[in-house]
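Presented below is the structure to which this report refers.
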Amino acid sequence: GQQLNQSPQSMFIQEGEDVSMNCTSSSIFNTWLWYKQDPGEGPVLLIALYKAGELTSNGRLTAQFGITRKDSFLNISASIPSDVGIYFCAGSERGGSQGNLIFGKGTKLSVKP
Amino acid sequence: GAVVSQHPSRVICKSGTSVKIECRSLDFQATTMFWYRQFPKQSLMLMATSNEGSKATYEQGVEKDKFLINHASLTLSTLTVTSAHPEDSSFYICSAPTGDHRYSPLHFGNGTRLTVT
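So the protein lines, in turn, are chains U and P.
FYI, the numbering for the first sequence is 2 to 114, going by the numbering used here.
FYI, the numbering for the second sequence is 294 to 410, going by the numbering used here.
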């Protein structure tokens, strides 16, 4: 089935550094979402993007919906230890933010104090 | 904010038995809920869409007779893994949108870790 390519697979950074991760798709998506998942818990929605070119921030997090509709990136500025976790991108070809979501394989972020 | 509660958080069962997992929307009503499955270090895969008052919609390759879904009220959906086998061991996560509009944010429960011995 349809898959998203999310990279990098993992990151190990120093506290205070900026982080960037991205997702690409071979087909056009009409919605991009970014989630964070802590161990043993469900994903938590960070940012939702619904328009090509849209740039949205949530605190230290910024995400953009690529102009081609085939990619999205998430940036985290000035990382802190609680940013540790797995970040998933999710996309929908049909649009909307509900069940017809396809998830990337995740980016595992580790932050060294 | 919107909360989705999932119970139990962990369950261990013997092969051949059935396990029921509950998903509740605590401060909102959900006519639709979604059930996902996640293998270790893998992504979330949609299993089925649970519809209040009607039959669930299953994704291709998901056995509806094995994964029984019941959405009896606007705040509760249940997933029953029937005749569980070790290969059914996984992390099961439910989710629900906070509104009926298709752009309503999807909130996830904390998941259920199922181990079949």
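Ideal placement from N, C-alpha and C gives every residue a C-beta, glycine not left out.
Bear in mind the structure is a predicted one, so any value in this text is a computation, not a measurement.
Residues of chain P with CB under 7 Å from residue i, in chain order?
i: U:Pro104; result: First, the amino acid is wrong: residue 104 of chain U is Phe here, not Pro. Ordered by position in chain P, the residues that pass the 7 Å Cβ test against U:Phe104 are Ser336 and Leu337.
i: U:Gly54; result: Per Cβ cutoff of 7 Å: no residues; U:Gly54 is ~17 Å from chain P at best.
i: U:Gly92; result: Correct list: empty, because the minimum Cβ distance to chain P is about 12 Å.
Name, in chain order, the residues that DSSP records as bridge partners for residue i.
i: U:Met22; result: U:Leu75
i: P:Ser388; result: P:Phe327 and P:Phe401
i: P:Val312; result: P:Val374
i: P:Tyr351; result: P:Ala341
i: U:Val45; result: U:Lys37
i: P:His300; result: P:Glu315
i: U:Ile14; result: U:Val112
i: U:Gln7; result: U:Cys24
i: U:Ser58; result: U:Thr63
i: P:Phe305; result: The sequence shown places Ile at residue 305 of chain P, not Phe. Its beta-bridge partners are P:Thr408.
i: U:Thr32; result: U:Ser93
If the cut is a Cβ gap below 9 Å, which residues of chain P does residue i touch?
i: U:Leu46; result: Pro398, Leu399, His400 and Phe401
i: U:Phe89; result: Ser336 and Leu337
i: U:Gly17; result: Going along chain P, no residue has its Cβ under 9 Å from U:Gly17, so there is no contact; the nearest lies around 27 Å.
Could you tell me which chain U residues have their CB closer than 8 Å to the CB of residue i, listed as they occur along the chain?
i: P:Gly404; result: Gly41, Glu42 and Gly43
i: P:Ile386; result: Gly43 and Pro44
For residue i, return the contacting residues in chain P, with the cut-off set at a CB-CB distance below 8 Å.
i: U:Gly86; result: Ordered by position in chain P, no residue passes the 8 Å Cβ test against U:Gly86, which lies about 13 Å from the chain.
### Query
Are the segment 340 to 353 of chain P and the segment 392 to 404 of chain P touching, with three or more C-beta to C-beta distances below 8 Å?
Result no; under three Cβ-Cβ pairs closer than 8 Å.
### Query
Quick one: any contact between the segment 322 to 337 of chain P and the segment 363 to 379 of chain P, if contact means 3 or more CB pairs under 8 Å?
Touching, per the Cβ criterion.
### Message
So, does the segment 301 to 315 of chain P touch the segment 377 to 396 of chain P, judging by three or more C-beta pairs under 8 Å?
### Response
In short, these stretches touch, since the Cβ pair count reaches three.
### Chain-ordered residues of the segment 57 to 75 of chain U with a beta carbon less than 8 Å from chain P
The residues in question: there are none.
### Message
Check whether the segment 51 to 71 of chain U and the segment 30 to 37 of chain U are in contact - that is, three or more C-beta pairs closer than 8 Å.
### Response
In short, these stretches touch, since the Cβ pair count reaches three.
### Task
Evaluate the contact criterion for the segment 297 to 306 of chain P versus the segment 67 to 74 of chain U: three or more CB pairs, one atom per stretch, below 8 Å.
The segment 297 to 306 of chain P, when compared against the segment 67 to 74 of chain U, does not touch it at the 8 Å Cβ threshold.
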